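In the UniProt record's numbering, the protein residues as written are 1 to 146.
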């Protein structure tokens, strides 16, 4: 098990990047790796401690392939921090009961934002695929923020 840490600079102010993670309309436009979509009617986000983040990623080529996400926010600092936990005990590959995701938002020069995403505990054998998936997802987010 390891910590998956991804850092990405977005060419947009911190408030806009944060909103892209907490606004259901925006999440449905960018979340998920290339080849997957998030139907807007599956997205519910209540960004506060104890609030839920629920949505379903659907494979574009085979809609019968779906990946539901059902996490609970444990820490929220507007425009700065989102921390959520998801029960992954039903996914044997994770080898853990809970997956914790921490997303930190930092100001960068020129009105840009540095995002640091940490998922843990993370199975080392899934790290490469997860990095690629986040990378293509963030490319979709770049286009939305442009």
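Yeah, the Cβ is synthetic: ideal placement off N, Cα and C, and Gly gets one too.
Only a predicted model underlies this, so the values are computations on that prediction, with no experimental measurement involved.
Have a look at residue 56 and residue 115 and give me their C-alpha separation to the nearest angstrom.
In this model, residue 56 and residue 115 are separated by some 23 Å (Cα to Cα).
Counting pairs of Cβ atoms below 8 Å between the stretch 116 to 124 and the stretch 22 to 41, do you hit three or more?
Fewer than three Cβ pairs drawn from the stretch 116 to 124 and the stretch 22 to 41 lie within less than 8 Å of each other, which leaves the two stretches out of contact.
Assuming residue 86 and residue 71 make a contact with CB atoms under 8 Å, what is their CB distance in whole Å?
With a Cβ gap of about 4 Å, residue 86 and residue 71 count as contacting.
Spatial neighbours of residue 73 within its chain, please: CB distance less than 8 Å, with the 5 preceding and 5 following residues excluded, ordered by chain position.
Non-local beta-carbon contacts of residue 73 in its own chain, meaning distances under 8 Å to residues more than five positions away in sequence, involve 46, 47, 48, 49, 50, 51, 52, 53, 82, 83, 84 in chain order.
Do you know how far the Cα of residue 65 is from the Cα of residue 10?
So the alpha carbons of these two residues sit roughly 30 Å apart.
I'd like the list of long-range same chain contacts for residue 93, defined as Cβ closer than 7 Å, with 5 residues on each side in sequence excluded.
Within the same chain, 123, 126 come within 7 Å of residue 93 by CB-CB distance, once the 5 residues on both sides are set aside.
Span of the beta strand (DSSP E), counted from its first residue to its last, around residue 133
Secondary structure note for residue 133: it is in no beta strand (DSSP E), and the uninterrupted alpha helix (DSSP H) holding it is 127 to 145.
Drop a sphere of 10 angstroms on the beta-carbon of residue 89, count the other beta-carbons inside from all chains shown, and report buried for 16 or more, exposed for fewer.
Burial call: exposed.
Helix or strand or just coil, what does DSSP make of residue 69?
DSSP, read as helix, strand or coil, puts residue 69 in strand.
Does the stretch 2 to 17 come close enough to the stretch 27 to 39 to have 3 or more Cβ pairs within less than 8 Å?
No: the two stretches stay apart, fewer than three of their Cβ pairs being nearer than 8 Å.
Counting only runs that start and end within the stretch 10 to 75, where is the alpha helix (DSSP H) found for 4 or more residues in a row?
For the stretch 10 to 75, whole alpha helix (DSSP H) runs of length 4 or above, ordered along the chain, are 14 to 22, 24 to 30.
Residue interval of the beta strand (DSSP E) (run including residue 1)
Per DSSP, residue 1 is not a residue of any beta strand (DSSP E), being assigned neither H nor E.
At the level of alpha carbons, what is the spacing between residue 107 and residue 75?
Spanning the two alpha carbons is a distance of roughly 20 Å.
How many Å lie between residue 133 and residue 117 at the Cα?
Residue 117 has its alpha-carbon roughly 13 Å from the corresponding atom of residue 133.
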